[in-house]
Every structure is written in structure tokens, then in C-alpha cells.
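Only one structure is covered here, and it is reproduced in the block below.
Number of protein chains: 2
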Amino acid sequence: MSIAEDVRKMKKDAPKLAASDVSIRNEALKNAAEALKANKEKIFEANALDMKRADENGIADSVKKRLKFDDHKLEDVLSGLSMLVDLPDPLGKVTLNRQLDDGLVLKRLTCPIGVIGVIFEARPDALVQISSLCIKSGNCAILKGGKETAETNRVLFKIMRDSAVKAGLPEGCLLQAESHSEIDELLSCDKDVDLLIPRGSNAFVRYIMDNTKIPVMGHADGICHIYVDKYADFDKAVRILVDAKTQYTAACNAVETILVHRDIAKEFLPVLYKAMKEAGVTLKGTKEVSDIIGGETIEEKDFKEYLDLIASVKLVSNVGEAIEHINTFGSHHTDSIITENADIAEVFLQMVDSAGVYQNASTRFADGFRYGFGAEVGISTSKIHARGPVGLEGLVTYKYNLVGNGHIVGDYATGVKKFNHKDL
Amino acid sequence: MSIAEDVRKMKKDAPKLAASDVSIRNEALKNAAEALKANKEKIFEANALDMKRADENGIADSVKKRLKFDDHKLEDVLSGLSMLVDLPDPLGKVTLNRQLDDGLVLKRLTCPIGVIGVIFEARPDALVQISSLCIKSGNCAILKGGKETAETNRVLFKIMRDSAVKAGLPEGCLLQAESHSEIDELLSCDKDVDLLIPRGSNAFVRYIMDNTKIPVMGHADGICHIYVDKYADFDKAVRILVDAKTQYTAACNAVETILVHRDIAKEFLPVLYKAMKEAGVTLKGTKEVSDIIGGETIEEKDFKEYLDLIASVKLVSNVGEAIEHINTFGSHHTDSIITENADIAEVFLQMVDSAGVYQNASTRFADGFRYGFGAEVGISTSKIHARGPVGLEGLVTYKYNLVGNGHIVGDYATGVKKFNHKDL
Chain R
-10 MSIAEDVRKM KKDAPKLAAS DVSIRNEALK NAAEALKANK EKIFEANALD MKRADENGIA
50 DSVKKRLKFD DHKLEDVLSG LSMLVDLPDP LGKVTLNRQL DDGLVLKRLT CPIGVIGVIF
110 EARPDALVQI SSLCIKSGNC AILKGGKETA ETNRVLFKIM RDSAVKAGLP EGCLLQAESH
170 SEIDELLSCD KDVDLLIPRG SNAFVRYIMD NTKIPVMGHA DGICHIYVDK YADFDKAVRI
230 LVDAKTQYTA ACNAVETILV HRDIAKEFLP VLYKAMKEAG VTLKGTKEVS DIIGGETIEE
290 KDFKEYLDLI ASVKLVSNVG EAIEHINTFG SHHTDSIITE NADIAEVFLQ MVDSAGVYQN
350 ASTRFADGFR YGFGAEVGIS TSKIHARGPV GLEGLVTYKY NLVGNGHIVG DYATGVKKFN
410 HKDL
Chain W
-10 MSIAEDVRKM KKDAPKLAAS DVSIRNEALK NAAEALKANK EKIFEANALD MKRADENGIA
50 DSVKKRLKFD DHKLEDVLSG LSMLVDLPDP LGKVTLNRQL DDGLVLKRLT CPIGVIGVIF
110 EARPDALVQI SSLCIKSGNC AILKGGKETA ETNRVLFKIM RDSAVKAGLP EGCLLQAESH
170 SEIDELLSCD KDVDLLIPRG SNAFVRYIMD NTKIPVMGHA DGICHIYVDK YADFDKAVRI
230 LVDAKTQYTA ACNAVETILV HRDIAKEFLP VLYKAMKEAG VTLKGTKEVS DIIGGETIEE
290 KDFKEYLDLI ASVKLVSNVG EAIEHINTFG SHHTDSIITE NADIAEVFLQ MVDSAGVYQN
350 ASTRFADGFR YGFGAEVGIS TSKIHARGPV GLEGLVTYKY NLVGNGHIVG DYATGVKKFN
410 HKDL
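Chains as they are written, first to last, in my numbering: chain R, -10 to 413; chain W, -10 to 413.
This is the structure in C-alpha cells:
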């Protein structure tokens, strides 16, 4: 059967999952926790095959760390499942309860989005996190993980789906896509798939966004900025900049561009240069910057997402200029100001048009776990629907239920009746 | 200047509008109300030109009613503006306030989407409604109205923009597009336009959706269903069906397909047929249906959006079959069940995957005014972001502000510090 046919079947099962009681969805997650523990040797064996292939393919150690599924990762995954079980049901919340007229009551209720396709990097724990978030939020999910963990994913997927079905959820609640060609097929399922969440490289996410009519949630690039204001505490600034650049350079929330207030540049840049050099970071700046600290001179148009131990540096005259640079050249992801001046911070926090706007904190905090969401399915730089780290709340939508007793619009159009809107 | 350049300028003004105090945005709306009253003769003169051209072009009376801007329409528009001034500020609402650790506080705040393009039908009152909704919600708006009211729109647009600028809002808060070619230019402004709201014919909306990378909110077709259950009150059913079909046939929320429980078909269909005939409505049904009430026999695949005094009719065996038909062939717009059985109604309300799911009420209630939203910019059948009639709430998004005191992620990764998530 093609993935498109599977997805069509899934679409028919979606309302059943949407209507399922939270006790059943939680039961599915508890079953999964039990099954993961009971089958851990089987999972580890499958993972050993993936690791062997990674060795044969000469995959870097840093990447292999992500492919590995061991007792430590299992513990993380189990604690994530347990947290998710404890979270309140995101479905059926009444967010509007309004009488339109006597006997005519409108309710707005949260409900699942429906069918969600998630394409994610080679990280076995991600499969469990994503599928469990979708189950808890009542969404059917098509999962396509990185091929480097194909063996592990296959075992984990079976555990997740069997656990859901055993709890009483419909067969079609979870689907696995394994081959890359299935992604293109999935992109054309705009009648049946309600949302796509691609995670991965800039180019990959851009490809998904450009080749489907299905709404896409996520982010392509992550050009995050830190603006060191005239009233910055230098110690905090350096500490935060080193963290934001080096704590995990491949992350989308790592800082890529540093803006420095012109008035403090001569004093601050040498301090920053020294700390960054010790941390292994190369700074590339505009001419004004390289005149002070040397190094390569680059122009503003060359600033980019390095995902490496490199950062661009530019001087600005005030917070307004910093805001304009960020709004023009940034990715609307996460940007931070370092300042002790509350008024300037307020302007920055309000006017920077990004999912996360920070003061005196590292951009690396942009993450569902750190925000206390339990987990995230991704980070969105879109301004529509969900923005920033997306947890359970981003996986629900709402519907309006209107219950009347033979009410017709004609009576209101002709003035026989009048609305008496009243929130209940 | 091209519209693309104008929009780029607008994008730079957007953060200023976003940061503007609600008193200034309300002031802009009050200015507009004053200016509309003061310039009413000028508006009526412009409208007379549009009406003259409509006469010359032989435009139908029903359409001319919509083009006309008279004292009555002015009153409606003024009362809309006054309601909007009274509504609470949709911006800056704190929807999450959480300590992540000592001195590290995360807030989620509502904020405008940014730059919104609205393409709407030839209705002068729509220009005022849409621009005022955008101003109140802090969004910059590009307005493209139907060419049949070009003269009136030009006068109204100037009043709206001048009123906003006089209150202190940025020059670039509102833009008018006048020629059809500007629509295509607008569709390519995906770097600067955050959302498009097209209103109009199915084919037009579909064209917009298929030709832009900008997120689109709206609906193409509106194939709304009413399911007459076995436990329906026949009087209510007939009354609601006649209203939903005839009260305004050109509306997207008019009923197009009638599903009837097989057990009551022989008794109910003749009653429905008689009432619909009196109301001028032609019923076309599957063979089972035409065997009972005569008329044209059509197949399920011929069911469509008539926007006319015609409806398709089909029999089903139970509520589950009705739900499956609606979820498969509907537009996820608005669908209603007629039943006195609460359990069956509950299943329908929960499992039909539409923006509006009703019991014993006409589908024609799907409307921002009737829902008590003050006004609407459109009705969305998307499941992402806003669903159903979209008022102020659908024009805002949110951002995360994180304020720390030198906090870095490295401290949490190494275990030096621990998060102590606590909602404040």
C-alpha cells in the first residue's frame, strides 16, 4: 500500500482519536513506558546495528552520540513519558462559552489538529517524544526519522503503535514512513495531512516549505542575535555570548551575529575577543570592528548562519538600529539584549519581531524542555498558529459548537428576534 | 513606487504600530468615526460614481445593493467602530508567566501578526471594518477592494489612513492596492507580508492559495451539510433547512447537501420537498431520494457548492455514516445535525471535523457578528491558527520574553544549576 493510501485511512481514524478519552490516551503512554522497559534489549540490539553501520560509514563521534540509544537515553525517554501522562488533557477545554440568544449557546473547544506529518533527524529518542506528544494531543502522526537510525526506529515505532492500539486507540493513529521517496508522496497529501513539521537542515526545511500545499510549522534558518547595549554589564555579556555561541554550535538557537553599541566598542570588543579566542571562536566583523580587534573584515551582506565556532560582529548607534538590523536580517527566531537599562530593554523586548526576545539571557534557552513544556515537537519561526518552542498547546486547534432549538438566521435578519450575547 | 517597495517600508513601521498604546489605536478609530461623519457627502458622491458605472455595466440589483454606501451603511459602520473602541486591547495579554529559575522569568505575550494583506469583495463597508480591525489589533494592512467600488474605496481609505496618522500611528500602517496586477506583486512579498486574507469566489481564493508562499487564512469552497437524524423534530428540521438554504444563497455558510436518516426518509422527504418547493428550492437526490420525491437523480460525485436555490440530498443509515460523508466531502466549514437525541448529537458535535459543528441551528449562524466578535475579517476553514469566523483574536500571535540576569544554558547542562519551573 502506498503512503498516500495509508494516510487516507488515517484521516478516517482521526476523528476517533480526537474523541478518545484522555484516560485511554494516557493508558497508551503508560503501555509504551512498560513496553520500552520490557523490550530494552531488543531496542539496544537494533541500535547496535545502526551504530555498526555508522562506524562503517565513518560517521563523526559527535553525531554518533545522537544515534546511540542506551540506558541513559531510555531513562530520559521514560521520564518524558511520565511527565506527559501527568500533564492535563489539552483537548476539550472550553475557551469561549457564550449565549447568543435564549436557548442558543456557542462554545469554543480545543481539539486536535488531526493528521500531522513529522520529519525528524536521526535521534531515536525523538521518535518516542514526537509520537507520545501526538498521542497525548489526540493527533494521528506520520513519522519519518533519519535513516541513520532506521533499525532502532523500526523497533521503537512498533512499540509505540502497539501500545496505543492495546489501549484502545485506532490502528491508524501512527504511521511510519521509512524511505526518502515517501516524503515527496507525503508532500502531495494536502487533502489528508493537516500539518507538516519538518526538522533538520535549513535547505531541507526550505525544500519542504517550497514543495507542498500543506501548512508547515518549523524554522529554516536560525540567525540569532545578541545586542550588547551601551549599558551592558560586560561580565554578563561575555558570559552569555560565549554560552550562546559555544554551548552547542549546531543548534538553531546558537548566536550568529553580535551587535555592539558604538560607544562601548573600543572597551568591550577586546574583552570579548579574548574570551571568544579562549573558547575557540573566530570573530569576523565589519571594518569598524576589525579596526579594533583585527581579524577578517566582512560586510553585512556576508553575515550568515555559521553553525560553527564563528560569529559576525557589527556596531550600531542605538537600540533602534539594533532592532532594525535584527528585524531585517534575522530569522525571527530568538534574539537577546544585554543591558542594565530597563527602558531600553523594554523597547527591545517589545519591538524585536521574533518568537523569543530576551534580556540578559543566552539565546540557547529557546527550547521546550527549558520553557517547561515537557517536550517540544519543534521550534516555529512562523507567526501563524504556534511560535517558538512548540509543545502540546501547539498541537491543538479549536472548533465551535453551537447548540440551538430550531434557531434560524431569518428571525434575526427580519428583527423578529434579537441576539443577547452573554458570556456564560 | 511599486507595491513591493511600499510593503517593505510598511514592514519597518510594523514594530512601531505593534508597540503603540491602545489609547492611540482607539484614538485612530474615534478619529475615523468623526471623519466619516464629517465627509459623508464626499463619500456619497464617490459612491454615486461607482453606482453610475454599475448601471452602465448592467450590474444586477442584488449586487448593487452591496456596492451602495448610504446613511444606513454609514450608521452600521459607525456602530461597528464604536463597538471596536470598547473592546479590550487584544495586545500585551500575558498568557504565560513562569519562573524557569531564580531570576529567570519567561512571559508569553500576545502581539500583532505584523503585516496583513486583505483582498476583499466590492463592499465599501468592508474597507472600514477590515482596516479598523487591523488598527485595533496593531497590524499593518494592505487593502485591495473590489474594483466596482474603486471611487468609494479611495475616499474611505484616505479617511482611515489620515485618521490613524493623526492619532500618531506610523504613516505606513495602511496601504491601498488598486489594480489587479498589484495582487500578483503582493503574492511574491513573502519576506514582508505575514498573512494574506483573501475573500471572494472559490476560484479566486484557490488561486491565491496556490500562488504564494505567504500563509493564507480563509476558505475556498463552503459545502455545508445538514444531517436530519432519525430523532429529528420535523418542524425544526424543515424550518432550519429552508433558512440555511434560502436566507442568503450566495453565502459560504448556506447549506448545500442534506443528509437524511434512511428510517425517516419516506415520511420526512415529502414534507421537506413541499416546503422547499414553496421556497423556490430544487432538490436533487441520489436514486433512493428521487424514488421518493421525484426530480433529478444525481450521484454523490455530482454534489457541489451551488450558491443557488438548489440542494443535494442523500440518505444515510446512521450518524457515523453522516459524519464520514461530511468529513470526506465537506469543506470543514459549518455542518449541523437536527436531532432531539443528546447522545447522537454529542457524537456528531465531537467527530465532525469542521470549524463550526451545530445542533438544531441553521448553518447561517457562522459569522463574526452573530458570534459576538464585533466584526470578522473572514471565515477560516484552515485548522492552523484561526478557525471559523475570525475577529480580533485571530489577528494576534504571541511572543516569548525571557528576562534573566546573566543566565547561561551551560550551567544547566553541567548541572551547576537546576530549573525550578514555577508559574507565577
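Note that beta-carbon positions come from the ideal geometry of N, C-alpha and C, so glycine has one too. Predicted model only: the values in this text are computed from it and were never measured.
**Request:** Tell me whether A375/W sits in a helix, a strand or coil according to DSSP, three-state version.
**Result:** Coil.
**Item:** contact_flag[the segment 174 to 186 of chain W, the segment 38 to 56 of chain W] where n(CB pairs < 8 angstroms) is 3 or more
**Value:** By the Cβ criterion, the segment 174 to 186 of chain W is not in contact with the segment 38 to 56 of chain W, since fewer than three pairs of Cβ atoms, one from each stretch, lie closer than 8 angstroms.
**Prompt:** Taking buried to mean at least 16 other C-beta atoms within 10 Å of its own C-beta, is A311/R buried or exposed?
**Reply:** By the C-beta density criterion, A311/R is buried, having at least 16 other C-beta atoms within 10 angstroms.
**Asked** From what residue to what residue does the alpha helix (DSSP H) around D90/W run?
**Response** No alpha helix (DSSP H) holds D90/W; the beta strand (DSSP E) holding it covers V83 to D90.
**Other residues of its chain near A115/R: CB distance less than 6 angstroms, five sequence neighbours each side excluded** = Only F109 meet the Cβ criterion.
**Prompt:** If V270/W sits next to T352/W, beta carbons under 8 angstroms apart, how far is it from one beta carbon to the other, in whole angstroms?
**Reply:** Contact between V270/W and T352/W fails: their C-beta atoms lie close to 15 angstroms from each other, not under 8 angstroms.
**Request:** Under 8 angstroms between beta-carbons, which chain W residues line up against N128/R? List them in chain order, please.
**Result:** Residues of chain W passing the Cβ test: none, with the nearest at roughly 10 angstroms.
**Request:** Check whether the Cβ atoms of H322/W and A344/W sit closer than 8 angstroms, and answer yes or no.
**Result:** It is a contact, given that the beta carbons lie within the stated cut-off.
**Prompt:** In three-state terms, what does DSSP make of N20/R?
**Reply:** Per DSSP, reduced to three states, the secondary structure at N20/R is helical.
**Inside the segment 349 to 375 of chain W only - beta strand (DSSP E) runs reaching at least 3 residues** = Complete beta strand (DSSP E) runs here, min 3: 367 to 369.
**Asked** Would you say E373/W reaches chain R, if we count a Cβ-Cβ gap shorter than 8 angstroms as a contact?
**Response** Residue identity differs from the one stated: residue 373/W is Ile in this sequence, not Glu. At least one chain R Cβ lies under 8 angstroms of I373/W.
**Prompt:** If we ignore side chains and look at the alpha-carbon of each, how far apart do I282/R and V227/R end up?
**Reply:** One C-alpha to the other measures close to 15 angstroms.
**Asked** What's the call for L38/W, buried or exposed, on a 16-neighbour Cβ count within 10 Å?
**Response** With fewer than 16 other Cβ atoms from the protein chains shown falling within 10 Å of its own Cβ, L38/W counts as exposed.
**Message:** Does chain W have any CB closer than 8 angstroms to the CB of S343/R?
**Reply:** Taking 8 angstroms as the threshold, the shortest C-beta distance from S343/R to chain W falls below it.
**Item:** 6 angstroms Cβ shell around L304/W - same chain, five flanking residues per side excluded
**Value:** Counting only Cβ-Cβ distances below 6 angstroms, and skipping sequence neighbours, we find V249, R251, A254 and E277.
**Request:** Classify N409/R as buried or exposed, calling it buried when 16 or more other Cβ atoms lie within 10 Å of its own Cβ.
**Result:** Flag for N409/R reads exposed.
**Neighbouring residues, chain W, relative to D232/R (Cβ below 7 angstroms)** = In chain order: I397, V398 and G399.
**Prompt:** At a cut of 8 angstroms, does the segment 5 to 15 of chain R reach the segment 95 to 111 of chain R through at least three beta carbon pairs?
**Reply:** Segments in contact, yes.
**Request:** Look up V182/R in the DSSP assignment and say whether it is helix, strand or coil.
**Result:** Under the three-state reduction of DSSP, V182/R is assigned to coil, being neither helix nor strand.
**Request:** State whether the segment 9 to 29 of chain W contacts the segment 54 to 73 of chain W, with contact taken as three or more CB pairs (one from each stretch) at a distance under 8 angstroms.
**Result:** Counting Cβ pairs under 8 angstroms, three or more are found: they touch.
**Prompt:** Counting along the chain, where does the alpha helix (DSSP H) carrying N36/W start and finish?
**Reply:** Note, N36/W: alpha helix (DSSP H), K29 to E45.
**Request:** Quickly, what does DSSP pair C100/W with across the bridge? List them, please.
**Result:** For C100/W, which the question treats as bridged, DSSP gives the partners T386/W.
**Asked** With a CB to CB cut of under 8 angstroms and the five nearest residues on each side skipped, what residues in its chain are close to R112/W?
**Response** Closer than 8 angstroms at Cβ, skipping near neighbours: R55, L56, G134, G135 and T138.
**Asked** Nearest-angstrom Cα distance between I333/R and T328/W?
**Response** In a straight line, the C-alpha of I333/R is about 60 angstroms away from that of T328/W.
**Asked** In the segment 204 to 227 of chain W, which residues sit with their C-beta less than 8 angstroms from some C-beta in chain C, listed in chain order?
**Response** Reference to chain C is not applicable here, since the protein chains of this structure are R and W.
**Request:** Just tell me which of A3/W, S(-9)/W and I(-8)/W has its CA closest to the CA of T317/R.
**Result:** When A3/W, S(-9)/W and I(-8)/W are compared, the shortest CA-CA separation from T317/R is found for A3/W.
**Asked** In the DSSP assignment, what residue or residues form a beta bridge with H250/R?
**Response** The partner list for H250/R (beta bridge, DSSP) reads V305/R.
**Asked** Taking Cβ positions only, does H410/R come closer than 8 angstroms to chain W?
**Response** Yes, its Cβ sits closer than 8 angstroms to a Cβ of chain W.
**Message:** List, from N- to C-terminal side, the beta strand (DSSP E) runs of 3 residues or more that fit wholly inside the segment 106 to 183 of chain R.
**Reply:** Listed in chain order, the complete beta strand (DSSP E) runs (minimum 3 residues) inside the segment 106 to 183 of chain R are 129 to 133 and 163 to 165.
**Message:** Is D183/W close to chain R? Criterion is C-beta to C-beta, closer than 8 angstroms.
**Reply:** Chain R, which has a Cβ nearer than 8 angstroms to the Cβ of D183/W, makes this yes.
**Prompt:** Can you tell which of M149/W, E140/W, Q88/W and A35/W has its C-alpha closest to the C-alpha of N20/W?
**Reply:** The shortest C-alpha separation from N20/W is found at M149/W.
**Request:** Assuming Q348/W contacts I326/W (C-beta within less than 8 angstroms), just tell me the rounded distance between them.
**Result:** Contact between Q348/W and I326/W holds: their C-beta atoms lie close to 5 angstroms from each other, under 8 angstroms.
**Request:** Using a Cβ cut-off of 8 angstroms, pull out every chain R residue sitting near E313/W, in sequence order please.
**Result:** Here the neighbours are K1.
**Request:** Give the single residue among G399/W, K82/W, K31/W and L163/W whose Cα lies nearest to the Cα of Y387/W.
**Result:** The closest CA to that of Y387/W, considering only G399/W, K82/W, K31/W and L163/W, is found on K82/W.
**Request:** Express the C-alpha separation of G404/W and K26/R in angstroms, rounding to a whole number.
**Result:** Rounded to the nearest angstrom, the two C-alpha atoms are 26 angstroms apart.
**Message:** Within 10 Å of its beta-carbon, does H169/R have 16 or more other beta-carbons around it, so buried, or fewer, so exposed?
**Reply:** H169/R counts as exposed, since fewer than 16 other C-beta atoms from the protein chains shown sit within 10 angstroms of its C-beta.
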